[in-house]
Structures are given as structure tokens and as C-alpha cells.
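**Student:** Residue numbers (this note's numbering), protein chains in the order written: chain Y, 42 to 384; chain X, 42 to 384.
Glycine included, each C-beta is placed from N, C-alpha and C at the ideal position.
2 protein chains.
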Amino acid sequence: MLYTPHLTTRKIMPEMQEFPMLSLSSRITPEHLFYIRNHFPYPIIDMRTWGLQINGLVNRPLYLRYHDLLQMHQVSIPVTLECAGEKRALFVPKTRGEQWELGASSHAVWTGVRLMDILKAACILPNAMEVTFEGMDKGVRTDMQGIFTYMRSLPIKEALNPDLLIALYMNGKPLPFRHGYPARLIVPGWYGMASVKWLQRITIIDQPFKGPFQAVDYVYVNTAKPVETIRLNSTIAQPSDQQVLAKGEHLLLGTAISGDSPVLFVEVSFDNGMTWQPASWLDPHESYSWRRWCLKWTATNSGTYDISVRATDAAGNVQPEIADWNEKGYGYNAIQKIRVYVD
Amino acid sequence: MLYTPHLTTRKIMPEMQEFPMLSLSSRITPEHLFYIRNHFPYPIIDMRTWGLQINGLVNRPLYLRYHDLLQMHQVSIPVTLECAGEKRALFVPKTRGEQWELGASSHAVWTGVRLMDILKAACILPNAMEVTFEGMDKGVRTDMQGIFTYMRSLPIKEALNPDLLIALYMNGKPLPFRHGYPARLIVPGWYGMASVKWLQRITIIDQPFKGPFQAVDYVYVNTAKPVETIRLNSTIAQPSDQQVLAKGEHLLLGTAISGDSPVLFVEVSFDNGMTWQPASWLDPHESYSWRRWCLKWTATNSGTYDISVRATDAAGNVQPEIADWNEKGYGYNAIQKIRVYVD
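1. For residue 226 of chain X, go through chain Y and note every residue whose CB falls closer than 9 Å to its CB, in chain order.
2. Please report the residue range of the beta strand (DSSP E) in which residue 148 of chain Y lies.
3. Please report the distance separating the alpha-carbon of residue 99 of chain Y from that of residue 164 of chain Y.
4. So, helix, strand or coil for residue 199 of chain X, using DSSP?
5. Is DSSP giving residue 380 of chain Y helix, strand or coil here?
6. Let's see if you can read the secondary structure: which residues bound the beta strand (DSSP E) around residue 293 of chain X?
7. Let me make sure I understand the geometry here. Which of X/364, X/170 and X/256 has the alpha-carbon closest to that of residue 191 of chain X?
8. Determine, for residue 382 of chain Y, whether the minimum Cβ-Cβ distance to residues of chain X falls below 8 Å.
9. Taking residue 220 of chain Y as the reference, which of Y/357, Y/76 and Y/109 has the closest Cα?
10. Based on the DSSP secondary-structure assignment, which residues constitute the bridge partners of residue 335 of chain Y?
11. When the Cβ atoms of the segment 347-360 of chain X are set against those of the segment 103-115 of chain X, are three or more pairs found closer than 8 Å?
12. Could I get the ranges of all uninterrupted alpha helix (DSSP H) runs contained in the segment 61-130 of chain Y, with 4 residues as the minimum, in chain order?
13. Can you tell me whether residue 214 of chain X is buried or exposed? The criterion is at least 16 other CB atoms within 10 Å of its CB, across all chains shown.
14. State the Cα-Cα distance for the pair residue 96 of chain Y and residue 271 of chain Y, rounded to the nearest angstrom.
15. So which residues on chain Y does residue 83 of chain X lean against when the C-beta distance must stay under 7 Å?
16. Could you tell me the distance, in whole angstroms, from the CA atom of residue 140 of chain Y to the CA atom of residue 123 of chain X?
17. For residue 91 of chain X, I'd like the list of residues in its chain whose CB is within less than 7 Å of its CB, leaving aside the five on either flank, ordered along the chain.
18. Would you say residue 146 of chain Y and residue 53 of chain X are within 8 Å of each other, going by their C-beta atoms?
19. Check the Cβ of residue 283 of chain X against every Cβ in chain Y and list those closer than 9 Å, keeping chain order.
20. Could you spell out where the alpha helix (DSSP H) holding residue 255 of chain X opens and where it closes?
21. Closest to residue 239 of chain Y by CA distance: which of Y/194, Y/176 and Y/287 is it?
22. Since residue 348 of chain Y and residue 293 of chain Y should fall inside the 8 Å C-beta cutoff, what is the C-beta to C-beta distance between them, to a whole number of angstroms?
23. Cutting at 8 Å between CB atoms, please list the residues of its own chain near residue 138 of chain Y, excluding the five before and the five after it.
24. Report yes or no: do three or more beta-carbon pairs, one from the segment 339-353 of chain X and one from the segment 276-290 of chain X, lie closer than 8 Å?
25. In the DSSP assignment, find the beta strand (DSSP E) that holds residue 225 of chain X and state where it starts and stops.
26. Ignoring anything shorter than 3 residues, give me the beta strand (DSSP E) runs that lie fully in the segment 158-245 of chain Y, in order along the chain.
27. Starting from the Cα of residue 237 of chain Y, find the closest Cα among Y/372, Y/51, Y/84 and Y/297 and give me that residue.
28. Could one say the Cβ of residue 258 of chain X lies closer than 8 Å to chain Y's Cβ atoms, at least one of them?
29. Does DSSP put residue 140 of chain X in a helix, a strand or coil?
30. Exposed or buried, which one is residue 188 of chain Y when buried takes at least 16 other CB atoms within 10 Å?
31. When the Cα of residue 218 of chain X is compared with those of X/306, X/79 and X/49, which residue comes out closest?
32. Using a beta-carbon distance below 8 Å, is residue 377 of chain Y in contact with chain X?
33. Any beta carbon of chain X sitting closer than 8 Å to that of residue 215 of chain Y?
34. Would you call residue 235 of chain Y buried or exposed, if buried means 16 or more other Cβ atoms sit within 10 Å of its Cβ?
35. Find the nearest neighbour of residue 57 of chain X within the set Y/284, Y/233 and Y/373, judged by alpha-carbon distance.
36. Could you confirm whether any beta carbon from chain X is found closer than 8 Å to the beta carbon of residue 64 of chain Y?
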């Protein structure tokens with residue numbers, strides 16, 4: 042029990058908990074420290090009756106019991122999930138919503154059935170345009186009347202990406218209830234809102250889905266574009282901002298990720314971006330995983346140090362100096378800066 | 042396990058954990074959510090040999106085993122502890138050190154032996170000036186060479202205040218190791234640095250104690266004054282800053298405290314301090330306890346609301362508009378302001 046890092050509780054109902062980035066000792070996040078961003082109270086699930094429906098524009102509607110899913114071909118893929126509101130607290134001016142700091146992101150190995158296999162088994166009709174995913178979690182919203190279930194859609198092309206999973210396991214163990222048991226959609230490379238928990242229904246439709254978690258939330262209000270793939274980003278996990286250090290060698294440690302193009306390298310600056318030095322990778326490249334970087338730094342002189350980190354992707358993109366401010370505070374990915382003091 | 046608030050982990054070694062203020066459902070903080078601010082790694086304690094020494098300028102040096110302390114007259118006092126760095130993250134510009142937000146403060150009922158009874162039993166000599174308290178926790182500092190134990194002093198007059206305890210119990214249960222077992226000094230009304238954990242020695246001296254946790258840390262650098270009693274302060278526990286609310290009735294809930302003069306009333310403003318309305322007390326007045334306040338607020342119109350809270354004490358003091366900035370970030374007690382959105 043000593044020296045236990047905890048989730049940072051941002052909200053109790055619905056539950057919102059942040060991964061403590063300072064405890065980034067392994068690439069994989071232990072399940073009990075994996076961030077949680079719910080939209081509604083936890084659903085009540087009766088496994089005697091639970092099954093996953095696949096319906097809409099299909100030739101063969103399916104109803105897959107938990108047992109059926111367990112019997113299907115299983116695939117394991119490491120995928121980092123990241124809330125679209127990650128680092129929202131860093132926006133200036135602040136924006137409405139949970140004030141996520143650095144840890145609205147976590148990494149796990151997900152195991153389950155390829156969504157593609159299920160969609161093929163259902164025989165999608167040619168006029169299919171989108172696929173909707175409905176969770177069992179439901180409740181009220183502040184901005185409209187009625188009871189809503191949490192529901193999202195994907196374009197049919199994205200839904201047929203062979204790396205999308207209906208996950209039944211997380212880090213080799215049955216998916217914890219708090220993370221979507223019995224079945225959770227995993228959409229690699231997309232912000233976490235796409236990875237619908239407590240799945241109960243998949244529907245193939247011939248028009249754009251306009252549910253409130255698609256058309257009202259998870260929209261960059263400044264450009265009216267939907268929030269989709271994870272923007273190029275990097276994070277300093279240690280030291281933390283305003284930390285006091287002794288003279289000597291310190292390890293700077295953090296993560297980098299992009300949902301679009303592989304991150305090629307991470308650089309660190311000690312002079313507010315005048316000059317940059319490359320960090321080293323602690324992890325190999327994997328398509329959908331954050332990759333930890335580190336840099337040994339010897340602090341020989343007392344003083345105040347400003348440290349910045351930036352990632353560059355294979356397409357030549359670099360993180361922006363200033364975040365793309367938007368009213369609902371999504372997709373913060375500006376270069377992170379911290380200040381530390383050497384005594 | 043569902044909807045579990047956690048401590049917010051600010052640092053792993055030494056351990057620093059913050060109480061989640063959003064879970065202020067009772068006046069008393071459950072032990073597992075009580076904030077932790079350690080200066081060193083946890084000490085190793087062998088209860089077969091542990092005893093509390095009382096020495097220095099006394100006629101009768103004492104050595105009190107745990108069993109001896111348990112046999113002495115026990116007193117229970119509710120005392121709120123608050124880290125001197127509480128709300129440090131709110132200073133502008135930021136200051137070095139742990140970026141505590143709202144919850145570097147917690148409340149418990151402490152039970153143990155009056156320090157006064159022990160000092161009397163030891164027969165203090167007339168030239169006594171200060172009393173030092175030494176914990177068993179020790180380690181290195183960033184700013185000077187050597188190994189230090191955590192050690193603090195009090196003026197003799199303060200040490201003889203009958204409300205100071207050598208606490209053996211917290212909330213009616215044996216003091217948890219993380220909170221100072223087997224014995225912790227409790228100094229009501231003072232910031233938490235005075236309430237030395239894992240006590241091993243009490244020494245009466247005839248000169249001012251100049252240890253680094255007395256003369257280097259816990260000093261307001263701007264005035265060169267020592268950090269002592271808890272400044273008049275109030276906190277909004279719910280709603281949280283940037284929260285989105287539905288139209289209708291909401292409960293504003295928070296705490297108020299002062300280590301100097303009783304808090305008379307708490308007021309809330311919805312117009313940046315132009316007008317103020319009184320909050321109601323949820324708890325009775327107790328000398329050393331935070332007191333929870335609440336205010337029912339009916340949000341009838343959509344919009345953005347700025348909410349401020351301020352406390353006034355019996356001496357007529359009001360919290361300042363702007364915090365008393367000091368280099369090490371102690372004693373933040375400016376009027377807290379949050380912004381919420383009604384949809």
C-alpha cells in the first residue's frame with residue numbers, strides 16, 4: 042500500500058478518472074490505473090440475456106452471445122486510448138468540460154474479435170454508408186431533453202479496417218466492467234470517444250448518423266469538423282512542472298503518439314525552443330501505441346530550467362507552438378513546456 | 042469499486058497525495074482519502090524497540106513506550122490539517138514545489154495524550170525556550186549535503202497549549218502508518234508541517250531551533266516570517282471549475298477555515314464580487330475544524346457564470362482578492378473563483 046499511485050478523480054458521476062502520468066514505469070497501463078471517461082452512470086448488465094445485435098442494412102442480422110464471441114477467432118492489438126479532452130486544462134483561456142491534465146490517455150493490449158469478421162458474417166448490403174455502435178450506458182444530457190444511450194458511428198470504410206476489434210480482454214484478462222465488459226469497440230488511432238464501451242448493438246445505415254455524441258459533442262467548433270484521429274502529441278511524464286531537483290543526472294521521460302502518421306522523433310529543448318536535442322526511444326514503434334521516449338539530463342548548475350518537448354511525424358508535421366483553441370476544448374496538442382528548479 | 046474517489050497522486054517518492062475535494066460528503070475525511078505530504082521515504086519502525094524520548098532541559102527525562110502512551114489519559118480533538126502549500130497551483134506566476142490544488146487539506150478526529158501532560162511529567166526547566174519534535178523519517182535534501190531527519194520546533198508557550206496532542210488514534214482507529222503511526226504530534230490551527238509524524242524525540246532547548254524545515258522551508262520568503270497558523274481560507278468543493286450544468290437547482294458546497302480567529306460567515310458572489318450572498322453552514326463551529334458551507338442555487342438561464350467565495354472571520358478579516366505571492370508558494374488564501382456553464 043505504500044507509494045501507491047492513484048487515478049486522479051475528475052468527476053464521480055459519471056465517473057471520470059485520470060491516469061497518473063508520473064507513474065509511467067511500463068508502456069502498458071495496469072487496468073486499475075487506466076483512465077476512465079464515462080458519459081453516463083454505469084449500465085446494469087444481465088449476462089443471462091446479454092447479446093450483441095448486428096442489424097440494419099445486412100443480409101444476415103446477427104445476435105452474438107458472450108459465449109459466441111468467445112468462440113470466434115481472437116486477435117490481440119496494443120492500442121493507446123486518449124480522450125479527446127486530454128490536456129484540456131492547458132487551454133488558454135480555459136474551456137468548458139473536465140479539466141484533464143496529462144493523463145487522459147492510457148495504453149493496453151486489447152484482445153477480441155475483428156469487427157470486420159462480424160460485419161462480413163452479417164453480409165452488409167451495398168448501400169451501407171455508416172455503422173453505428175450503441176452502448177448500454179444511458180442517461181440525461183445538460184443541453185437537451187430526454188434519455189440518450191451513448192452511441193457513435195464510423196464510416197463504413199473505417200469500420201472495415203481489419204484492426205478494429207470487439208474487445209473481450211484487456212491486458213490478457215477479461216475486460217473489466219469499468220472498461221466496457223462484456224464487449225468494447227476498439228478503434229485504433231482515434232480518440233477514445235469512438236471506442237464504445239458496454240456494446241449492445243451495431244447497426245448499418247445508409248445516411249450520416251447525427252446523434253448528439255457525434256454531431257453536438259466531439260466536434261471542433263472552430264472548424265465544424267468532427268473529432269476523429271489522435272493528433273500528433275507528446276507528453277513529459279517526469280519531471281513534473283515546478284518540480285525541485287538536486288544537481289546531478291535526471292531522466293526525462295514521456296510519451297509520444299499520433300493517430301495519423303508514425304512519430305519519427307521527439308526532441309527536447311532547454312532554451313524555449315531555440316535549440317533542440319533528440320530524445321531516445323524506450324519502446325519500439327507500433328502502429329497504434331504511445332511510444333515512450335527518454336533523455337538523460339545532467340543538471341550541473343543551480344537555476345531555473347524551462348523544458349519543452351515536441352514530436353515530429355513521418356509526414357513532416359511538428360506539434361504546434363500554440364494549441365488550436367476550440368470552444369469545447371478538444372485535441373490539445375501544443376508543445377508541452379514545464380519549469381523545474383535545480384537547487 | 043464503482044464511483045470510487047481516489048487520492049490525487051502528486052508525487053510518488055516521497056509520497057504526496059491530495060484529498061479529492063469533490064467528494065466532500067462528510068466533514069470527516071476517511072483515512073484512506075486523507076491527504077499525504079511526506080518529506081522523506083517512509084521510516085522503518087521496529088515496535089519492539091520504539092519509544093518516545095523526552096529530553097533536553099527537563100528534570101525528569103522520559104522514555105515512553107507505545108504501551109505507556111496507551112495507558113495515559115486520552116483526549117479526542119477534531120482537527121483539520123492543511124498543507125502550507127495548499128492551492129499552490131493557483132499562484133500566478135506559478136511557484137516551485139508540489140502543485141497542490143484544492144485538496145491539500147483534510148479533517149479527522151485525533152485521539153491521544155496531551156503534549157502538556159507529557160511535558161509536565163518531564164518537569165521542564167525555567168530556561169526552556171522551544172520544544173523540538175523529531176520524526177523517524179529521514180533522507181536527503183536537494184539544497185544541502187547530508188542526511189536529515191524531519192524535525193520542527195514550537196515556542197514553549199505554544200507547546201503548552203492544552204489542545205496539542207501526541208495522537209495515537211485517527212477517527213477512532215489506531216493511527217495508520219501512512220499518517221504517523223505509532224505517534225504523531227497534532228498542532229491544531231497550524232499548517233500541517235508542524236504536526237510531525239512518526240515521532241521519536243521531543244527535546245526542550247533554550248534557543249531558537251534552526252533546522253532546515255524551520256529556517257529554510259516553511260518561511261514566507263517575501264517577509265522572512267515563518268509559516269505558522271492556517272490563514273483564513275475558503276474553498277468551493279462543488280461544482281468544479283469549468284463544469285457544465287443543466288438548468289435547475291444546484292448545491293454549491295465547500296469548506297472554510299482559519300487558524301487564527303473563528304470564521305464568522307461565508308459569502309458567494311455570482312457577479313465577480315459586486316454583490317455577495319451569505320452561504321449556510323452545514324456544520325457547527327469547532328475551534329480547529331473546517332466548517333462546510335452550502336448554498337442552493339437555481340440556474341434558470343443558460344449562460345456562463347463566474348462564482349466566487351470568500352470567508353470573513355470574527356476579527357473582521359476577509360480573504361484577499363489576490364494571493365500573497367511568495368517564492369516557495371505558501372499560504373495561498375485568495376478568494377477562489379470558478380466558472381461554470383449552464384446549458
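**Tutor:** In short:
1. Taking the first residue of the second sequence as position 1, residue 226 of chain X is located at position 185. The premise fails here: residue 226 of chain X is roughly 21 Å from chain Y at the closest Cβ pair, so nothing lies under 9 Å.
2. Your numbering for residue 148 of chain Y matches position 107 in the first sequence. Start and end: 146-155.
3. Position 58 of the first sequence, counted from the first residue, corresponds to residue 99 of chain Y. Position 123 of the first sequence, counted from the first residue, corresponds to residue 164 of chain Y. Taking the straight line from one Cα to the other gives about 5 Å.
4. As a working note, residue 199 of chain X is residue 158 in the second sequence. DSSP places residue 199 of chain X in helix when its eight states are reduced to three.
5. The count along the first sequence starts at 1 and reaches residue 380 of chain Y at position 339. It is a strand residue.
6. Here residue 293 of chain X refers to the residue found at position 252 when the second sequence is read from its first residue. Taken as a continuous stretch (DSSP letters only), the beta strand (DSSP E) holding residue 293 of chain X covers 289-298.
7. Taking the second sequence and counting its residues from 1, one reaches residue 191 of chain X at position 150. With distances taken between Cα atoms, residue 191 of chain X lies closest to X/256.
8. The residue you call residue 382 of chain Y lines up with position 341 of the first sequence. Cβ-Cβ to chain X under 8 Å: yes for residue 382 of chain Y.
9. The residue you call residue 220 of chain Y lines up with position 179 of the first sequence. Nearest option by C-alpha distance: Y/76.
10. Residue 335 of chain Y sits at position 294 when you count from the first residue of the first sequence. The partner list for residue 335 of chain Y (beta bridge, DSSP) reads Y/294 and Y/321.
11. no
12. 107-112
13. By one-based count along the second sequence, residue 214 of chain X stands at place 173. Exposed is the call here.
14. Taking the first residue of the first sequence as position 1, residue 96 of chain Y is located at position 55. Taking the first residue of the first sequence as position 1, residue 271 of chain Y is located at position 230. So the two alpha carbons sit approximately 29 Å from each other.
15. Numbered from its first residue, the second sequence carries residue 83 of chain X at position 42. Within chain Y, the residues near residue 83 of chain X are 43.
16. Stepping through the first sequence from its first residue, residue 140 of chain Y is reached at position 99. Stepping through the second sequence from its first residue, residue 123 of chain X is reached at position 82. Whole-angstrom Cα-Cα distance: 24 Å.
17. Here residue 91 of chain X refers to the residue found at position 50 when the second sequence is read from its first residue. The answer, listed in chain order, is 107 and 223.
18. Residue 146 of chain Y sits at position 105 when you count from the first residue of the first sequence. Residue 53 of chain X sits at position 12 when you count from the first residue of the second sequence. Going by C-beta atoms, residue 146 of chain Y is not nearer than 8 Å to residue 53 of chain X.
19. Position 242 of the second sequence, counting from 1, holds the residue named residue 283 of chain X. What residue 283 of chain X touches in chain Y: 129, 130, 135, 136, 137, 138, 139, 140 and 370.
20. The residue given as residue 255 of chain X occupies position 214 in the second sequence. Looking at the DSSP string, the run of the alpha helix (DSSP H) that includes residue 255 of chain X is 253-256.
21. To locate residue 239 of chain Y, count along the first sequence from 1; it is residue 198. Nearest option by C-alpha distance: Y/176.
22. As a first step, residue 348 of chain Y is located in the first sequence; it is residue number 307 there, counting from the start. As a first step, residue 293 of chain Y is located in the first sequence; it is residue number 252 there, counting from the start. Contact holds; Cβ gap of about 7 Å.
23. Within the first sequence, residue 138 of chain Y is the residue found at index 97, counting from 1. Excluding positions up to five away in sequence, the list reads 126, 129, 369 and 370.
24. yes
25. For the purposes of this step, residue 225 of chain X is taken as residue 184 along the second sequence, with counting starting at 1. Run containing residue 225 of chain X: 225-227, per the beta strand (DSSP E) assignment.
26. 171-180, 189-196, 206-211 and 225-227
27. Locating residue 237 of chain Y in the first sequence gives position 196, where the first residue counts as 1. Of the listed residues, the one whose Cα sits closest to residue 237 of chain Y is Y/84.
28. Locating residue 258 of chain X in the second sequence gives position 217, counting from the first residue. Not one chain Y Cβ lies under 8 Å of residue 258 of chain X.
29. The residue labelled residue 140 of chain X in the question sits at position 99 within the second sequence. Reduced to three states, the DSSP call for residue 140 of chain X is coil.
30. The count along the first sequence starts at 1 and reaches residue 188 of chain Y at position 147. Exposed, because fewer than 16 other Cβ atoms sit within 10 Å of the Cβ of residue 188 of chain Y.
31. Here residue 218 of chain X refers to the residue found at position 177 of the second sequence. Residue X/79 is the option with its Cα nearest to residue 218 of chain X.
32. Locating residue 377 of chain Y in the first sequence gives position 336, counting from the first residue. False, the Cβ-Cβ gap to chain X never drops below 8 Å.
33. Here the question's residue 215 of chain Y lines up with position 174 in the first sequence. No, because no Cβ of chain X sits closer than 8 Å to the Cβ of residue 215 of chain Y.
34. Position 194 of the first sequence holds residue 235 of chain Y. Under this definition residue 235 of chain Y is a buried residue.
35. Numbered from 1 along the second sequence, position 16 holds the residue referred to as residue 57 of chain X. Ranking Y/284, Y/233 and Y/373 by Cα distance to residue 57 of chain X puts Y/284 first.
36. As a position in the first sequence, residue 64 of chain Y is number 23, starting the count at 1. Cβ-Cβ to chain X under 8 Å: yes for residue 64 of chain Y.
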